[in-house]
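Residues in the sequence shown are numbered consecutively from 1, following full-length UniProt numbering.
All C-beta atoms in this analysis are idealised placements derived from N, C-alpha and C, irrespective of residue type, glycine included.
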Amino acid sequence: MMLFEKARENAAAIRQLGERAIAEARRAGVPAFTDPSLGEGIIREMPDGTRHRLVRVGDEDVVVESFGPRP
């Protein structure tokens, strides 16, 4: 399958782009919304590296689970 081959070829570049985006968000002092490895939903990664799973309740984001910084 050509699509899967291309995805494998681009995996490293995509991963590096994500790492740079997270680093830039940390430098700017703003959260980045990332990390499908932690499961479904929105994951907010804070500048200090902590990560929180969010659910939307009305007009607010509510933290339902917290994770430590990446290893």
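Contact set for residue i: own chain, Cβ-Cβ below 7 Å, skip 5 residues either direction
| i | result |
| --- | --- |
| A21 | A32 |
| D35 | I43, E45, R51 |
Beta carbon of residue i nearer than 7 Å to that of residue j
| i | j | result |
| --- | --- | --- |
| E65 | R53 | yes |
| P69 | G49 | yes |
Continuous beta strand (DSSP E) stretch holding residue i: start and end
| i | result |
| --- | --- |
| residue 73 | For residue 73 there is no data in the structure shown, the boundaries of the chain being 1 and 71. |
| E65 | 60–67 |
Inter-residue spacing [alpha-carbon to alpha-carbon] between residue i and residue j
| i | j | result |
| --- | --- | --- |
| A12 | M2 | 17 Å |
| V63 | L17 | 26 Å |
| I14 | L38 | 18 Å |
Residue i classed as buried or exposed, judged by whether at least 16 other C-beta atoms fall within 10 angstroms
| i | result |
| --- | --- |
| I42 | exposed |
Same chain only: Cβ atoms within 6 Å of residue i, ignoring 5 sequence neighbours per side
| i | result |
| --- | --- |
| P47 | R26, G29 |
| V55 | V62, V64 |
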